[in-house]
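**Student:**
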Amino acid sequence: MTRVVAQGTFDILHPGHVHYLQDAADMGDELHVIVARSVNVTHKEPPVVPDEQRREMVAALKPVDQAHLGHPEDIFVPIERIEPDIIALGYDQHHDDEQLEAALSARGIDCDIRRASPLEAEAADRLLSTGRIIDRIVDERSE
Ligand SMILES: Cc1cc2nc3c(=O)[nH]c(=O)nc-3n(C[C@H](O)[C@H](O)[C@H](O)COP(=O)(O)O)c2cc1C
Ligand SMILES: Nc1ncnc2c1ncn2[C@@H]1O[C@H](COP(=O)(O)OP(=O)(O)OP(=O)(O)O)[C@@H](O)[C@H]1O
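If you read the sequence shown in UniProt numbering, its first letter stands for residue 1, the second for the next number, and so on.
(1) So R54 and V33 are in contact, right, with Cβ under 8 Å, and what is the actual spacing, rounded?
(2) Does the contact criterion of 3 or more C-beta pairs under 8 Å hold for the segment 51–65 versus the segment 92–104?
(3) Does the distance from the CB of V58 to the CB of L127 come in under 9 Å?
(4) Report all residues from its chain with a CB closer than 6 Å to the CB of T2; omit the five preceding and five following residues, and keep chain order.
(5) Whole angstroms are fine: how far does the CA of F10 sit from the CA of D23?
(6) Cβ atoms of I134 and E45: under 9 Å apart, would you say?
(7) Jot down the residue ranges of each uninterrupted alpha helix (DSSP H) in the UniProt domain "Cytidyltransferase-like" (6–133), minimum 4 residues, whole runs only, in chain order.
(8) Compare the C-alpha of E73 against each of K62, C111, N40, R107 and name the closest.
(9) What is the rounded straight-line gap between the Cα of A64 and the Cα of H17?
(10) How many Å lie between D97 and K62 at the Cα?
(11) Hey, would you say the C-beta of V138 is under 8 Å away from at least one heavy atom of ligand 1?
Right, dumping it as structure tokens:
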């Protein structure tokens with residue numbers, strides 16, 4: 001039984017999220033997803049959709065076995081509970097694989113870190129980014 005963890009903000013869902021989660025699920029037998037708390041999304045605009053509602057939507061996706069809200073202060077607490085064999089990072093996530101591995105082993109957590117693949121837009125009207133969906137809404141719905 002190989003347990004995989006994926007994580008992210010998942011603010012406004014799009015096919016890029018589904019691709020990432022399917023890729024992560026294909027790495028093992030059971031997929032757990034940690035949904036970042038709004039207070040921890042500091043590297044970009046904070047999410048529009050509330051924490052629990054983002055968790056609920058991720059939990060409803062086919063590749064996902066369980067979706068958990070992240071810990072507000074210590075991102076390793078959910079990992080310690082889930083005990084994954086693999087952490088699947090998204091193709092563009094800012095985390096440094098080696099630093100993350102070192103931080104995990106300092107906490108006594110032993111798991112593989114892998115990268116998922118990107119889903120590229122094959123047509124200009126595909127919106128495979130939450131930021132781009134929001135930009136489109138702002139452009140098309142403002143006067
Ligand atoms: C191994 C790992 C565990 C994480 N656990 C949490 C957590 O418990 N709570 C949380 O708010 N965010 C958690 N995060 C998410 C990060 O804090 C960050 O917000 C996330 O990378 C958002 O990235 P995005 O830009 O891909 O959406 C975790 C990230 C990683 C790599
Ligand atoms: N087009 C895509 N292909 C593959 N993975 C994706 C794609 N878009 C997002 N992901 C992955 O989904 C996870 C969560 O992404 P996140 O919630 O940051 O959405 P986003 O659409 O990338 O956001 P934003 O556009 O605002 O930066 C990340 O691991 C990210 O790499």
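C-beta: ideal position from N, C-alpha, C; glycine also.
**Tutor:** According to the data block:
(1) One-based indexing of the sequence shown puts residue 54 at position 54. One-based indexing of the sequence shown puts residue 33 at position 33. Actually they do not touch by this definition, with Cβ atoms about 10 Å apart.
(2) The segment 51–65, when compared against the segment 92–104, does not touch it at the 8 Å Cβ threshold.
(3) Locating residue 58 in the sequence shown gives position 58, counting from the first residue. Locating residue 127 in the sequence shown gives position 127, counting from the first residue. In this structure, L127 does not lie closer than 9 Å to V58 by Cβ.
(4) Here the question's residue 2 lines up with position 2 in the sequence shown. Taken in chain order, the residues that qualify are G28, D29, D85.
(5) Locating residue 23 in the sequence shown gives position 23, counting from the first residue. Locating residue 10 in the sequence shown gives position 10, counting from the first residue. Taking the straight line joining both Cα atoms gives about 16 Å.
(6) Here residue 45 corresponds to residue number 45 of the sequence shown, with the count starting at 1. Here residue 134 corresponds to residue number 134 of the sequence shown, with the count starting at 1. Yes, they are a contact pair.
(7) The qualifying runs are 15–26, 51–59, 76–82, 97–106.
(8) On the sequence shown, position 73 is the one that residue 73 refers to. Comparing Cα positions, the closest option is N40.
(9) Within the sequence shown, the letter at position 64 stands for residue 64. Within the sequence shown, the letter at position 17 stands for residue 17. Per the sequence shown, residue 64 should be read as Val rather than Ala. When the Cα atoms are used, V64 and H17 turn out to be separated by approximately 11 Å.
(10) Your numbering for residue 97 matches position 97 in the sequence shown. Your numbering for residue 62 matches position 62 in the sequence shown. Put simply, the backbone Cα of D97 is about 27 Å away from that of K62.
(11) Here residue 138 is taken as the residue at index 138 of the sequence shown, counted from 1. No - ligand 1 has no heavy atom lying nearer than 8 Å to the Cβ of V138.
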